[in-house]
Each structure stands twice: as structure tokens, then as C-alpha cells.
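Encoded as C-alpha cells, the structure appears first; notes follow it.
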Amino acid sequence: PPRRTFLVRRTWLDDRGQLILVEDVSELRRLESVRRDFVANVSHELKTPVGAIVLLAEALAQEDEPTTAQRLVQRIVDEGDRLARLVSDLLDLSRIEEGSGVVLAEFDARSLVEAVRERFDETARRADLTLDALVPVTPTMVVGDRWQLESALSNLVDNAIKYSEPGGTVEISLDASDDTIVLAVRDEGIGIPARDRERIFERFYRVDAARSRATGGTGLGLSIVRHVVENHRGRLNVTSMEGVGSTFELRLPRGGPNDGR
Ligand code: ADP
Numbered sequence: 087p088p089r090r091t092f093l094v095r096r097t098w099l100d101d102r103g104q105l106i107l108v109e110d111v112s113e114l115r116r117l118e119s120v121r122r123d124f125v126a127n128v129s130h131e132l133k134t135p136v137g138a139i140v141l142l143a144e145a146l147a148q149e150d151e152p153t154t155a156q157r158l159v160q161r162i163v164d165e166g167d168r169l170a171r172l173v174s175d176l177l178d179l180s181r182i183e184e185g186s187g188v189v190l191a192e193f194d195a196r197s198l199v200e201a202v203r204e205r206f207d208e209t210a211r212r213a214d215l216t217l218d219a220l221v222p223v224t225p226t227m228v229v230g231d232r233w234q235l236e237s238a239l240s241n242l243v244d245n246a247i248k249y250s251e252p253g254g255t256v257e258i259s260l261d262a263s264d265d266t267i268v269l270a271v272r273d274e275g276i277g278i279p280a281r282d283r284e285r286i287f288e289r290f291y292r293v294d295a296a297r298s299r300a301t302g303g304t305g306l307g308l309s310i311v312r313h314v315v316e317n318h319r320g321r322l323n324v325t326s327m328e329g330v331g332s333t334f335e336l337r338l339p340r341g342g343p344n345d346g347r
């Protein structure tokens with residue numbers, strides 16, 4: 087069991103003896119430590135591309151050979167891209183974590199799937215992957231925050247593409263029952279080892295940091311997904327087998343998070 091921390095808030099002396107009021111501050115301390123770790127992680131993640139840009143720019147200033155200079159410029163652009171992606175993911179995450187900012191509306195979940203499929207069409211083609219979308223033939227209305235759900239689904243499809251090998255298939259699907267919709271993203275990629283499956287939803291946790299970096303990952307995608315699902319009082323399921331593939335499934339109440347069913 088986690089160690090508990092108590093703080094003495096007040097003491098009194100009366101005719102029965104001494105009274106001490108203590109408060110259990112364990113949860114407060116835990117949150118402080120989570121925040122400290124987060125700030126340390128963010129600082130580290132930001133320092134890496136910034137440091138690289140400075141070094142590359144210094145090398146560029148000394149370089150006379152045009153093709154080498156051109157290569158250095160390209161690497162500065164890549165590191166700059168990485169920095170921009172990191173900042174954008176951090177902003178998304180903090181906006182989504184602020185659960186109060188959820189904007190609910192009713193919309194057809196098929197249009198969400200269609201929008202995400204279109205957005206990743208070109209990326210999938212370039213990675214030599216088939217991207218399929220399976221949706222019901224009739225409108226599938228749901229109450230939710232469209233921007234947040236699109237961001238969650240996009241992160242799942244982005245991962246499915248990043249962690250697949252050429253020739254594979256990525257499938258986005260939508261199913262609905264009377265009270266639930268199920269959005270699923272299935273891939274035939276590298277899979278996730280069982281020991282990592284619990285931790286991949288933590289910020290900056292990666293199974294293989296080198297592969298994540300090489301494909302432009304920030305380690306924040308799945309924490310964004312987890313918070314979006316929490317904001318909708320939904321459930322998130324992962325099944326995966328190494329070397330075979332992974333399926334991420336979001337189950338959301340059709341009436342939205344405030345439906346109370
Ligand atoms: P990243 O930006 O590194 O992809 P995420 O938070 O989106 O960060 O995912 C965390 C880690 O979970 C990834 O680094 C990867 O190791 C693993 N992962 C996520 N999705 C998949 C997938 N579809 N197939 C295999 N591994 C995955």
C-alpha cells in the first residue's frame with residue numbers, strides 16, 4: 087500500500103489532555119509529485135529538439151560546402167517540426183484535461199470517421215498501407231465533443247499507421263447499439279508487449295522511444311485519447327499481439343457524458 091502522509095493542523099490542550107487535528111495529505115503530495123514529474127518530462131522533451139537546433143545552426147554557420155549546408159538546413163527544419171508538434175500536442179492535452187471545456191453537440195458519428203479517414207488517406211498511401219473505414223448505412227447520432235473525439239480517433243489512426251509495416255491494413259470502424267457507439271481502430275502492425283499495455287496511456291511513455299521519435303511521435307497521443315474517453319464517460323479497450331497487430335476500441339454512451347444512464 088502507498089505510504090500515507092499526515093500533517094498536524096492544530097493542537098489543543100484541555101482538561102482531558104491534548105487534542106491533535108491531523109490531515110491526510112497523501113493525495114495532495116501524490117498530485118504534487120505527478121506535476122513535478124510532468125514538468126521535468128516536458129522540459130526534457132523540449133530541450134532535445136531545441137539543443138539540436140542550436141548545434142545544427144552553429145555547424146551551419148561554419149559550413150561552406152553547399153550540399154552539407156543543405157542537409158543541415160533540412161535537419162533544422164525537421165527538429166523545428168518536432169518542436170511544433172510537441173507544443174501542439176501539449177496544448178491539446180492541457181485543453182482536453184481541463185474537463186470543464188467539453189463542448190457537447192449531437193452529430194452523425196459516420197462523418198467523424200469519414201473526416202479522419204480522409205485526413206490520413208495520403209499518409210497511409212505513402213506508407214504503403216490500405217486504410218479502410220466501415221460505417222453503418224444509416225445515420226449514427228451521438229452526443230459528444232466533436233473536436234475532442236476527432237482528436238482521439240486521429241491519434242489512434244496516426245499510431246496504427248506509424249506502428250505498421252508496409253503492405254498492411256488499417257481499419258477504422260463504427261458500430262452502434264441503442265445506447266452505445268463503438269469506434270475501433272485495428273492494425274496489423276508490430277503489436278504492444280503485454281507488460282507495456284497498462285502504461286502506454288501515461289504521458290511520454292513509449293515502448294520503443296527510438297521508433298516513436300523516428301516516426302514523429304511525442305508520447306502524448308494515447309494520454310490525449312484516455313482523457314477524451316474519460317470526458318465522455320466512455321471506455322477504452324486495447325487488444326494486441328506482438329507481431330500480429332492491435333485494436334483500440336472506444337465505447338461511448340450515445341446520449342453523451344451527462345446522460346446519467
Ligand atoms: P507516440 O507519440 O510515441 O506514438 P502514444 O502516446 O501515441 O505516443 O503511444 C505510446 C506508445 O504506445 C507508443 O510509443 C508505442 O510504443 C505504443 N503504441 C501505441 N499505439 C500502437 C499501435 N497501434 N501499435 C503498436 N504500438 C503502439
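Counting from 87, one number per residue, gives the positions in the sequence shown under the UniProt record's numbering. Ideal Cβ positions, reconstructed from N, Cα and C, are used throughout, including at glycine.
Cβ-heavy atom distance, Arg292 to the ligand ADP, below 7 Å: Residue side-chain check: Arg292 places its Cβ nearer than 7 Å to a non-hydrogen atom of the ligand ADP.
In the DSSP assignment, the alpha helix (DSSP H) including Gly166 goes from what residue to what residue? Segment Pro152 to Glu183, the alpha helix (DSSP H) holding Gly166.
Return the residue from the list Arg285, Val315, Gly320 and Glu316 that minimises the CA-CA distance to Gly305. For Gly305, the closest C-alpha among the options Arg285, Val315, Gly320 and Glu316 is that of Arg285.
Tell me, please, which residues DSSP counts as bridged to Trp98. In the DSSP output, where bridge partners are listed per residue, Trp98 has Leu105.
Are Ser112 and Thr97 touching if we call contact CB-CB under 8 Å? The criterion of a C-beta distance shorter than 8 Å is not satisfied by Ser112 and Thr97.
Residue from Val229, Val173, Val271 and Ser240 with nearest C-alpha to Asp218: Distances from the alpha-carbon of Asp218 to those of Val229, Val173, Val271 and Ser240 put Val271 closest.
Can you check whether the CB of Arg337 is closer than 8 Å to the CB of Arg321? It is a contact, given that the beta carbons lie within the stated cut-off.
In the DSSP assignment, find the unbroken beta strand (DSSP E) run with Gly253 in it and report its ends. No beta strand (DSSP E) holds Gly253; DSSP gives it neither H nor E.
Does the beta-carbon of Arg212 have 16 or more other beta-carbons within 10 angstroms, so that it is buried, or is it exposed? Under this definition Arg212 is an exposed residue.
With a 10 Å radius around its C-beta and 16 neighbouring C-beta atoms as the bar for buried, classify Gly230 as buried or exposed. Counting every other CB atom within 10 Å of its CB across the protein chains shown gives Gly230 a total of 16 or more, marking it as buried.
By how many angstroms is the C-alpha of Gly253 removed from the C-alpha of Phe206? Their backbone Cα atoms lie some 16 Å apart in a straight line.
Can you check the stretch 184-268 for any beta strand (DSSP E) of at least 3 residues that lies completely inside it and give the ranges in chain order? If we require 3 residues or more, the beta strand (DSSP E) runs fully inside the stretch 184-268 come out as 191-194, 216-220, 227-230 and 255-262.
Ends of the alpha helix (DSSP H) at Val330? Looking at the DSSP string, Val330 is not in any alpha helix (DSSP H), and its letter there is neither H nor E.
Figure out for me which residue from Glu151, Gly166 and Thr224 has the closest Cα to the Cα of Gly302. Out of Glu151, Gly166 and Thr224, the CA that lies nearest to the CA of Gly302 is found in Gly166.
Measuring alpha carbon to alpha carbon, tell me which residue in His313, Ala210, Asp194 and Ala300 is nearest Glu184. Of His313, Ala210, Asp194 and Ala300, the smallest CA-CA separation from Glu184 is found for His313.
Given this structure, state the Cα-to-Cα distance separating Ser332 from Arg283, to the nearest angstrom. Looking at the two C-alpha atoms, the distance is approximately 11 Å.
Cβ neighbours of Glu316 in the same chain (closer than 8 Å, five flanking residues each side left out): Short of 8 Å from the beta carbon of Glu316, and not among the five residues preceding or following it, lie these beta carbons of its own chain, in chain order: Gly185.
Burial state of Ala262, where buried means 16 or more other Cβ atoms lie within 10 Å: So Ala262 counts as buried.
In the DSSP assignment, find the unbroken alpha helix (DSSP H) run with Pro135 in it and report its ends. Boundaries of the alpha helix (DSSP H) harbouring Pro135: Ser112 to Gln148, taken from the DSSP string.
Which residue marks the beginning of the alpha helix (DSSP H) containing His318, and which one marks its end? Taken as a continuous stretch (DSSP letters only), His318 belongs to no alpha helix (DSSP H), as it is neither H nor E.
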